[in-house]
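These notes concern the structure reproduced below.
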Amino acid sequence: MFLGNKSKSKKPATNPAGTPAATPKSSKAAAKKKAKARAAEAKKAQSVLWYDAITESGVCVLGGGKYSVMLRLSDINYQLATDDRQRELLERYARFFNLFSMGQQLQVTIVNRRLERDTLLGKVLFPEPLHGDAVSVYRSDHNKLVRSMIGESRYSIVAEKYLTLTVSGESLDEALAVLNPLVEQVTNQMWTLLECRAHRVDGPGRIELLRELTRGCYAAGFDYAGMARSGATTRDELAPQAVEFPTRSELVLAGDEGDIWCQTLVLRDYPSWMSDQLFRRLSEVQTDLVISFHISPIDRSESRDLVMRRKAELDMERTDRRRKLVKANMDPEEDLPESLKRSLAEVKDLMHDLDDNDQRLYTTTLVVMVQASSAEELKDRVTKVRQAAKTESCDLAVMKFFQEQGFNTALPLGESFLPVHRTLTSAAVAVMVPFTSQEILDDQGLFYGTNAATGNPIIADRRRTRNGNAFVLGTSGSGKSHFSKWEIAEVLIGRPNDEVIIIDPEHEYRPLADAFDATVVDVHAGSSQVINPFDIVLNTREGDPVRLKAESLLSMLRVLLGGGRGLSAAQESILDRSITTLYHRYLDDQNQPVPTLRSLHGELLLQAEPEAAAIATALEMYATGTFSGFAQQTNVDVSNRFIYYDIAKLGDHMKTFGMMVVLDQVWNRVMSNFGRGIRTWLYVDEFHLMFTNPHALATFLSIYKRARKYGLLPTGITQNVEELLAVPEARLMLSNCDCLFLLGQKKTDADELAVLLGLSDDQIRAFTSVEAGYGLLSFGATTLPFNARKEQSPRGPLLTLLDTTFDDRS
Ligand SMILES: Nc1ncnc2c1ncn2[C@@H]1O[C@H](COP(=O)(O)OP(=O)(O)O)[C@@H](O)[C@H]1O
Ligand SMILES: [Mg+2]
């Protein structure tokens, strides 16, 4: 029987499946009739949804003067936190509930969704073209590696967390006047108390989520403009095709891709000692389910009254029992029933909590809705869910006759329709923490490995974070280069528009550069591959390009000519004048070649001051002499999308200068890429070398600070954590960077990093005494242990490439 009526009318509706196939004369008429029947069915099915409207801004009008908004909560690391930290989080979470006053309602909802392995793989595998191209072998090897890392299990469970807030009001406007500031407070408190990000979900977002639960339809967003034009409502959008109650305790929705069998369970008997593991246990049942916990604050004075009344009841019962016991010649204290003794003790504790511990009381209801695609599957899943609850001494009862109420209570609408309540204190409410462990599953992310705590893949998008700047830190052999090369390969294969630049002091990335057709620039004073420090990008939005270029050239020349002492004011002025003259000459006549150190040398010789002649002499060795490797026009193709600067052969004498010239080239490229709307990924291995000289450090810092604005994603890679942490600027960069990949560390470094970054013992364990490829990553506000280990036997071409260094090869 299909019905879907809020008024519980038992009037049987037509069952389209049961209707005998009609054989009308006109098939058109039949189609019309069918359509009409379907429309009627749909209308009835709509009534299974107990709300009136959802506005585009995300307010759900529940009827009866109630309005709700929904926030999506980021997870926080609760399961992995230390015991102390867990206790602190529970206390803070309990404090959070003090925000709410009488008449306001909260609903915490956890939507456990099984992600099909294929769906996950679809996000991270590269499509393999029919006809191979130059990188085909690496692409298919990449896909093989990803498959093996994600593992064989068919599903991954991801738990999404929501908070729905409900208030009463005479009108939508009146409700909003309360809801808007409340949402702001909740968002602030969630962050300051728990470091949980709460984001208000708009209308299309709420519909997206509800549609999955009511129709089993995964589709993005909702077209409000289209709805206005067609006259349809959000209820039309969310209604299943039909609704049926096959038994008193089951609800079947005819979804887009088959039936959805639903059963709602309610937590009836709370154990006297509730554990904080119930939600985690339920999440471990690998199944689709929705957990909703409804919480309504009770006024303080009413709370007291309530407890007093309960106490009075119990006292009366005790007196009564005692009398009976005395009559029966039994001990009036000892022989009281255990349950009564327990209740008396509980009520005493409760009085104490309310008076002295700043606790409040809440009316709560906890429901779990299990969904499945058949009756058998539902039965099986419900059994598993109930068993899981049992392990935490919780009895989840099936609600007979109340499935429709249960369904609407489980949906994140913001209201409980069930007559089952339980009064709990703030502390007891807080024990039901919805938080477990964090996941990163960004929509357009790259694949970094799996979450070592949950086994789910880590799909992360550095572009999403505040600045996108990253560090890869770990001892020698911990897998830093391997990790970085993997990310580079992901970018090169998977983001065809992005560009990659590597600065490598140890030939480590050379095989990768060769395999992916990089422009290889061998940077040293005697190299035949020349990069010209005078190269200039003219169309920047940073101000006068000649002025800026002159400044950066001056800082390079300070290093080259001034040694440790720098240059005198007179020397700087002469150099500045000469450089500016050269550029203006170049800009006036487009046929002029770009200036070089050689032309600077010539220009200095033309100046009148004896000081100029002295500088010219000092410059001679770099302009025409032994170290003239930077004195000519750039002769390598720096417009390639992959550029590899090998700085291993830069002698000590030229090291800082050479690095500054390379950074200058990189910045030129970043600016011109930015102008073309292209993102640049920069990798600097042995990154601590940048800190050996204050001039190189200043150059790097200025790039680092401007990175975000110009679409640059810089990554510093180093094993010398101690050295890095000794430089205040580096510490600052480290504590401000949004992406941190910590591979295996020395104990001393780990301890210092833990202090700097505020990590828990469990988090520290994730990157100490671990095998190569394991570690802890931090992505914006999310920190989780990762496993990037790749095992393949025999090794395929990509893995071979990741683990080959130049020296292995030669
Ligand atoms: N994710 C990984 N999976 C499997 N083996 C790895 C992984 N990372 C590193 N290794 C192994 O450890 C060796 C050292 O890694 P490497 O990246 O060169 O370390 P680092 O750059 O930190 O010195 C590699 O040659 C490889 O054999
Ligand atoms: Mg390395």
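Under this note's numbering, think of the first position of the sequence shown as 66, with each following residue one higher. All residues carry an ideal CB built from backbone N, CA and C; glycine is no exception. Small disclaimer: the values here were computed from a predicted structure and weren't measured.
Distance from the CA atom of methionine 381 to the CA atom of asparagine 245, rounded to whole angstroms, is 47 Å. Taking a 10 Å sphere around the C-beta of tryptophan 338, we find fewer than 16 other C-beta atoms and assign the residue as exposed. In the structure shown, methionine 497 falls within a coil segment according to DSSP collapsed to helix, strand and coil. About 7 Å separates the beta carbon of leucine 807 from that of leucine 818, a gap short enough to meet the 8 Å contact definition. Taking all protein chains shown into account, threonine 699 has 16 or more neighbouring C-beta atoms within 10 Å of its C-beta and is therefore buried.
No heavy atom of ligand 2 is found nearer than 7 Å to the CB of glutamate 836. If one requires a minimum length of 3 residues, the beta strand (DSSP E) runs lying completely within the region 168-208 are 170-181, in chain order.
Residue burial is scored here from C-beta neighbours: alanine 763 has fewer than 16 other C-beta atoms within 10 angstroms and is therefore classed as exposed. For the pair aspartate 711 and isoleucine 601, the Cα-to-Cα distance works out to about 22 Å. Excluding sequence positions up to five before and after leucine 842, its CB lies within less than 6 Å of the CB of Phe806, Phe851, all in the same chain and listed in chain order. In this structure, the CA atom of tyrosine 227 is about 21 Å from the CA atom of glutamine 151. Of all C-beta pairs linking the region 457-466 to the region 351-363, fewer than three are shorter than 8 Å, placing the two stretches out of contact. Sequence-distant partners of serine 617 (beyond 5 residues in either direction) whose C-beta falls short of 7 Å from its own C-beta, in its chain, are Asp729. When the five nearest sequence neighbours on each side are left out, the beta carbons in the same chain lying within less than 7 Å of the beta carbon of arginine 365 are those of Arg425, in order along the chain. With a contact defined as Cβ atoms closer than 8 Å, threonine 329 and alanine 475 qualify at about 5 Å. Taking C-beta separations shorter than 7 Å and ignoring five residues to either side along the sequence, the partners of phenylalanine 466 in its chain run Arg313, following chain order.
Counting along the chain, asparagine 473 sits inside the alpha helix (DSSP H) bounded by residues 468-475. Looking at the DSSP output, alanine 118 shares a beta bridge with Val126. The Cβ neighbour count for glutamine 657, taken over all protein chains shown within 10 Å, is under 16; the residue is labelled exposed. Residue pairing by DSSP puts phenylalanine 536 in a beta bridge opposite Gly781, Leu805. Contact between the region 775-785 and the region 528-540 is present: three or more C-beta pairs spanning the two stretches fall below 8 Å.
Methionine 724 counts as buried, since at least 16 other C-beta atoms from the protein chains shown sit within 10 angstroms of its C-beta.
Boundaries of the alpha helix (DSSP H) harbouring glycine 627: 610-627, taken from the DSSP string.
No Cβ-Cβ contact shorter than 8 Å links phenylalanine 844 with cysteine 802. Annotated three-state conformation of methionine 719 is helix, per DSSP. In this structure, ligand 2 has no non-hydrogen atom nearer than 7 Å to the beta-carbon of lysine 550. Look at serine 592 here: in three-state DSSP terms it is coil, with no helix or strand label. Within the region 623-658, no run of beta strand (DSSP E) reaches 3 residues while sitting entirely inside it. In the three-state scheme derived from DSSP, where H, G and I count as helix and E and B as strand, tryptophan 746 is classed as strand.
Just so you know, the alpha carbons of methionine 686 and valine 595 end up roughly 16 Å apart.
Fewer than three pairs of CB atoms, one per stretch, sit closer than 8 Å, so the region 394-401 makes no contact with the region 371-380.
Ranked by Cα distance from isoleucine 215, the options Glu225, Ser236, Val189, Glu235 are led by Val189.
The beta carbon of alanine 853 sits closer than 7 Å to at least one heavy atom of ligand 1. In this structure, the beta-carbon distance from aspartate 140 to serine 502 falls below 8 Å.
Remark: C-beta atoms of valine 173 and phenylalanine 358 approach each other more closely than 8 Å.
Within the same chain, Val176 come within 6 Å of glutamate 225 by CB-CB distance, once the 5 residues on both sides are set aside.
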